[in-house]
Amino acid sequence: MTVPADRSMIKVCDTKVDNLAYKAVWHNDNPVDARKPFEVRAPQGGCATDSSLFGSVKVFKLCQGQIGTDKRVKWGACRAAVWPGGR
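In my numbering, each number is its position in the sequence shown, counted from 1, plus 504.
Here you go:
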């Protein structure tokens, strides 16, 4: 997962095609943006990016899940929050 120094976007990647899924759950720094929290899920074997017109990436968590035989993801616990611009 990457966030550039200007915090303009977030990118999450899944480099393998297997039974694991990855997503980022994130918030921007605009207190009036009602669409929180945002989620961006990496496709199997690729990357996905997300951004907001209303602010910069303030905090994010990386989450991992298991893809079942029905192709649904059972999400597990997320890792600790990361604050790329400081609290």
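Glycine included, C-beta positions come from ideal geometry on N, C-alpha and C.
If you check the beta carbons only, do R583 and K565 fall under 8 angstroms apart?
A contact, by the Cβ cut-off of 8 angstroms.
Looking only at its chain, what residues have a beta carbon closer than 6 angstroms to the beta carbon of K527, apart from the 5 residues adjacent to it on each side?
The beta carbon of K527 sits closer than 6 angstroms to the beta carbons of E543, R545, C567 from its chain, once the five residues preceding and following it are set aside; these are given in chain order.
For a test of the three-state rule: what should DSSP assign to D510, helix, strand or coil?
coil
Between which two residues does the beta strand (DSSP E) holding D554 run?
550-554
Which whole-angstrom value is the C-beta distance of S556 and N532, which I expect to be below 8 angstroms?
5 angstroms
For V516, which option in K578, A552, D510, F558 has the closest C-alpha, if you only look at C-alpha atoms?
A552
Using a Cβ-Cβ cut-off of 6 angstroms (strictly less than) and excluding sequence neighbours within five positions of V521, which residues of its own chain qualify?
The residues are Q548, G549.
Might you give, ordered along the chain, the residues of its own chain that have their beta carbon closer than 6 angstroms to the beta carbon of V586, omitting 5 neighbours on each side?
F564
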